[in-house]
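Data block below; observations after.
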Amino acid sequence: RYSISNTAEYGDLTRGERVIGEPTRAAMKQILGEIQSGDFAREWIAENRAGQENFLRMREEGSRHQVEREGKELRSMMDWIDTEF
2 RYSISNTAEY
12 GDLTRGERVI
22 GEPTRAAMKQ
32 ILGEIQSGDF
42 AREWIAENRA
52 GQENFLRMRE
62 EGSRHQVERE
72 GKELRSMMDW
82 IDTEF
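In our numbering, the protein residues as written are 2 to 86.
This is how it looks when you write it as structure tokens:
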């Protein structure tokens with residue numbers, strides 16, 4: 002498996018099962034079914050034809066989420082990162 006860092010890999014290996022348990026696996030299987038059936042593609046096409054109103058609203062809401070604000074602040078302290086996210 003790929004990890005962004007040894008710390009992330011260690012966290013995955015020692016704590017990942019608490020995050021990705023059976024309910025998550027079941028949800029991922031359901032989502033895969035939506036992709037394989039074409040439901041996801043049809044929904045995305047309809048969203049685009051309607052002007053992406055829901056997509057753009059969700060994107061904006063996500064950008065205001067606390068995890069995004071904290072991430073931006075943390076990245077500003079990492080002078081070795083020169084890429085704007």
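Beta carbons: idealized from backbone N, C-alpha and C, even for Gly.
Being a predicted model, the structure only gives us computed values, none of them experimental.
Limits of the alpha helix (DSSP H) - the one that residue i falls within
i	result
Met-59	54-64
Trp-45	40-50
Tyr-11	7-20
Ser-77	67-77
Whether residue i touches residue j by CB criterion (8 angstroms)
i	j	result
Phe-91	Glu-44	Lying outside 2 to 86, the shown extent of the chain, residue 91 is not represented and no answer is given.
Glu-69	Gly-63	yes
Residue i, DSSP secondary structure in three states
i	result
Ile-36	helix
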